[in-house]
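Chains as they are written, first to last, in our numbering: chain A, 413 to 551; chain B, 413 to 551; chain C, 413 to 551.
Quick reminder that beta carbons are idealized off the backbone N, C-alpha and C, glycines included.
A quick note: this is a predicted structure, and the numbers were derived from the prediction, not measured.
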């Protein structure tokens with residue numbers, strides 16, 4: 413049993429879902445761990461990690477539109493907004509989704525279901541470089 | 413320290429919460445692990461894992477009703493819906509809840525609070541067989 | 413590799429976010445674990461764990477106000493409410509956020525981003541003593 417730390421940088425270009433499944437699997441391949449778990453941890457408070465349907469892009473567009481309406485940039489009672497109208501909504505969207513996700517690894521592969529993909533969910537309009545810490549624990 | 417993988421199948425019969433606390437504890441018993449963690453990972457994008465009040469069934473009914481209203485099947489802007497009106501809402505309900513949950517194990521028992529139960533949260537109307545991957549890490 | 417269990421008690425005094433980042437780091441320091449993960453698990457169904465912006469208190473106030481409106485205490489269809497009007501909303505707010513969170517530890521320190529703090533998110537009006545189980549796995 414051992415601990416293997418790694419990092420992933422994701423360049424985003426506006427709100428939406430960015431798939432990182434293959435990049436995470438590559439990091440696991442390189443770690444040599446065959447059985448255990450990988451914990452993905454996003455080191456920001458204005459983007460999230462989600463596992464989502466990876467086959468049909470319309471599902472991701474509908475999801476994005478749902479969040480745009482649930483946490484509107486036009487909310488009149490928000491006081492925190494020094495970075496713009498997408499600032500406070502980005503923190504709320506992050507709290508409603510996930511900062512960390514733990515995925516099982518068996519025989520060297522993440523045990524995702526057929527339609528599951530891992531996505532960075534960006535909540536800001538401007539381009540960003542997002543950092544994810546990966547911790548692989550296993551043997 | 414070691415890694416123990418297992419699986420749980422849950423048969424669902426429509427939207428709602430299905431308690432699996434005892435089934436998960438049985439798997440831990442059989443693993444022989446006394447101290448560590450169990451990670452539950454649901455291998456689907458239209459159901460979730462949640463930890464919820466397990467005493468009063470009215471709490472679960474109110475929760476279900478809240479989600480039916482928050483993510484309505486009548487939403488007019490959804491474009492992804494080849495599998496029916498509960499298709500897109502099921503993905504959003506999943507993103508708003510959890511795909512994985514990690515619970516501590518001490519002296520062979522999950523360290524749940526008095527009122528906590530583990531539930532599969534089904535978001536589809538039709539009956540399904542749901543697969544959960546369990547990864548027990550410990551000694 | 414080893415497992416280290418610990419506990420944290422947090423006294424809350426009404427709805428809102430209570431930062432516990434330093435208390436968690438102190439527990440890690442005392443465990444002697446230098447590389448691995450810490451899993452925080454809240455043993456209640458009416459409060460949550462979240463990682464949130466820790467610099468500007470207005471962000472936390474806006475977040476609290478958003479949840480007060482999203483899950484209103486005046487909801488007429490709630491039937492579960494033996495403990496008061498904040499009872500059922502507290503369970504829903506918990507399901508919409510997180511019961512467990514796993515954070516990487518490297519060189520003895522949690523790998524949080526610059527603006528990330530760990531918070532207990534209290535959903536009840538009355539004062540409570542909240543219990544968190546900490547499981548540190550590593551070497």
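Taking a cut of 9 Å between CB atoms, which residues from the segment 467 to 501 of chain A lie near chain B? Residues 468, 469, 470, 471, 472, 473, 474, 475, 477, 478, 479, 481, 482.
When DSSP labels each residue in this structure, what does residue 490/A get in the three-state scheme? As a first step, residue 490/A must be located in the first chain, where it is residue number 78. Reduced to three states, the DSSP call for residue 490/A is coil.
Residues of the segment 523 to 537 of chain A with a CB closer than 8 Å to any CB of chain C: list them in chain order, please. Hits within the stretch: zero.
Beta-carbon within less than 8 Å of residue 485/B's beta-carbon, same chain only, minus the 5 sequence neighbours each way: which residues are those? The sequence position of residue 485/B within the second chain is 73, counting from 1. Correct list, in chain order: 497, 498, 501.
Just by C-beta distance, which residues in the segment 442 to 455 of chain B are closer than 7 Å to chain A? Under the 7 Å Cβ criterion, the segment 442 to 455 of chain B contributes 451, 453, 455.
Chain C residues whose Cβ lies nearer than 7 Å to that of residue 550/B: On the second chain, residue 550/B is found 138 positions in, with the first residue counted as 1. For the C-beta of residue 550/B, the chain C residues within less than 7 Å are, from N- to C-terminus, 415.
Would residue 438/B be called buried (16 or more neighbouring beta carbons within 10 Å of its own) or exposed? Here residue 438/B corresponds to residue number 26 of the second chain, with the count starting at 1. Counting other Cβ atoms within 10 Å of its Cβ, residue 438/B stays below 16 and is therefore classed as exposed.
Distance check for residue 551/C and residue 445/B, CA to CA, integer angstroms please. Residue mapping note: residue 445/B aligns to position 33 of the second chain, counting from 1. Residue mapping note: residue 551/C aligns to position 139 of the third chain, counting from 1. Looking at the two C-alpha atoms, the distance is approximately 18 Å.
Any idea which residues DSSP pairs residue 425/B with across the strands? By 1-based counting over the second chain, the position of residue 425/B is 13. Looking at the DSSP output, residue 425/B sits in a beta bridge with 539/B.
Under 7 Å from the C-beta of residue 508/A: neighbouring residues of chain B: Indexing the first chain from 1 puts residue 508/A at position 96. The answer, in chain order, is 508.
On the CB-based measure, 16 or more other CB atoms within 10 Å of its CB, does residue 505/B come out buried or exposed? Working through the second chain from its first residue, we reach residue 505/B at position 93. Counting of Cβ neighbours within 10 angstroms places residue 505/B among the buried residues, the total reaching 16 or more.
Through-space distance from residue 424/B to residue 536/B, alpha-carbon basis: Locating residue 536/B in the second chain gives position 124, counting from the first residue. Locating residue 424/B in the second chain gives position 12, counting from the first residue. The alpha-carbon atoms of residue 536/B and residue 424/B are separated by roughly 9 Å.
Check this for me: beta carbons of residue 452/A and residue 534/A, under 9 Å apart or not? Counting from one through the first chain, the residue named residue 452/A turns up at place 40. Counting from one through the first chain, the residue named residue 534/A turns up at place 122. For residue 452/A and residue 534/A, no; Cβs fall outside 9 Å.
Alpha carbon of residue 476/C to alpha carbon of residue 510/C, nearest angstrom: Against the third chain, residue 476/C aligns to sequence position 64. Against the third chain, residue 510/C aligns to sequence position 98. Whole-angstrom Cα-Cα distance: 15 Å.
List, in chain order, every chain A residue whose beta-carbon is nearer than 7 Å to that of residue 462/C. Residue mapping note: residue 462/C aligns to position 50 of the third chain, counting from 1. The answer, in chain order, is 507.
CB residue 473/A to CB residue 487/B, shorter than 9 Å? Counting from 1 along the first chain, the entry for residue 473/A is found at position 61. Counting from 1 along the second chain, the entry for residue 487/B is found at position 75. Not in contact: residue 473/A and residue 487/B (Cβ atoms no closer than 9 Å).
By DSSP's criteria, residue 515/B is part of a beta bridge. Which residues make up the other side? The residue labelled residue 515/B in the question sits at position 103 within the second chain. Paired residue(s): 450/B.
I need the boundaries of the alpha helix (DSSP H) containing residue 462/C, first residue and last residue. One-based indexing of the third chain puts residue 462/C at position 50. Boundaries for residue 462/C: no alpha helix (DSSP H) harbours it, while the beta strand (DSSP E) harbouring it runs 459 to 465, taken from the DSSP string.
Return helix, strand or coil for residue 418/B, following the three-state DSSP convention. The residue you call residue 418/B lines up with position 6 of the second chain. When DSSP states are grouped into helix, strand and coil, residue 418/B belongs to the strand group.
Using a Cβ-Cβ distance cut-off of 9 Å, determine whether residue 438/C contacts chain B. By 1-based counting over the third chain, the position of residue 438/C is 26. Judged by the 9 Å Cβ criterion, residue 438/C is not in contact with chain B.
Looking at the structure shown, is residue 522/B part of a helix, part of a strand, or coil, going by DSSP? One-based indexing of the second chain puts residue 522/B at position 110. Note: residue 522/B maps to strand in three-state DSSP.
Residue 467/A versus residue 527/A: straight-line alpha-carbon distance, rounded: As a working mapping, residue 467/A is identified with position 55 in the first chain. As a working mapping, residue 527/A is identified with position 115 in the first chain. One alpha carbon belongs to residue 467/A, the other to residue 527/A, and they sit about 6 Å apart.
Residue-level contact to chain B via CB, residue 421/A, 9 Å cutoff: Walking along the first chain from the start, residue 421/A turns up at place 9. Output row for residue 421/A: interface = no.
Suppose you measure from the CA of residue 515/A to the CA of residue 493/A; what does that come to, to the nearest Å? By 1-based counting over the first chain, the position of residue 515/A is 103. By 1-based counting over the first chain, the position of residue 493/A is 81. Our two residues, residue 515/A and residue 493/A, have alpha carbons roughly 34 Å apart in a direct line.
Who are the near neighbours of residue 432/C in its chain, counting only those whose CB is closer than 8 Å to its CB and skipping five residues on each side? Here residue 432/C refers to the residue found at position 20 when the third chain is read from its first residue. Correct list, in chain order: 420, 422, 530, 531, 532, 544.
Quick check: is the beta carbon of residue 516/A nearer than 9 Å to any beta carbon in chain B? Reading the first chain from its first residue, position 104 is the one you call residue 516/A. Against chain B, the CB of residue 516/A has a partner CB under 9 Å away; the residue lies at that interface.
Within its chain, find whatever has a CB closer than 6 Å to the CB of residue 426/C; leave out the 5 residues flanking it on each side and keep chain order. Here residue 426/C refers to the residue found at position 14 when the third chain is read from its first residue. Taking residue 426/C as the centre and dropping the five residues before and after it, the same chain places the C-beta of 537 closer than 6 Å to its C-beta, in chain order.
Just grab the DSSP bridge partners of residue 533/B for me. The sequence position of residue 533/B within the second chain is 121, counting from 1. Beta-bridge pairing links residue 533/B to 429/B, 460/B.
Proximity to residue 478/B [Cα-Cα], best of 508/C, 465/C, 495/C, 463/C: Counted from its first residue, the second chain places residue 478/B at position 66. Answer by Cα proximity: 508/C.
Identify, in the order they occur along the chain, each residue of the same chain with its Cβ nearer than 6 Å to the Cβ of residue 523/B, setting aside the five sequence neighbours on each side. To locate residue 523/B, count along the second chain from 1; it is residue 111. Counting only Cβ-Cβ distances below 6 Å, and skipping sequence neighbours, we find 516.
At a CB-CB cut-off below 8 Å, which residues of chain A make contact with residue 504/B? Taking the first residue of the second chain as position 1, residue 504/B is located at position 92. 474, 475, 478, listed in chain order.
Rounded to a whole number of angstroms, what is the C-alpha to C-alpha distance between residue 518/C and residue 539/B? Counting from 1 along the third chain, the entry for residue 518/C is found at position 106. Counting from 1 along the second chain, the entry for residue 539/B is found at position 127. Roughly 44 Å separates the two Cα atoms.
If we call anything under 9 Å between Cβ atoms a contact, is residue 553/C one with residue 548/C? The structure shown does not extend to residue 553/C, since chain C is modelled only from 413 through 551, so no value can be given for it.
Can you check which of these residues, 455/C, 489/C, 465/C, is closest to residue 457/A by C-alpha distance? Start at 1 with the first residue of the first chain, and residue 457/A comes out as number 45. Distance from the Cα of residue 457/A is smallest, within the candidate group 455/C, 489/C, 465/C, for 465/C.
Leaving out the 5 sequence neighbours to the left and right, which residues in its chain are closer than 6 Å to residue 541/C when beta-carbon positions are compared? Along the third chain, one-based indexing puts residue 541/C at 129. Excluding sequence positions up to five before and after residue 541/C, its CB lies within less than 6 Å of the CB of 421, 423, all in the same chain and listed in chain order.
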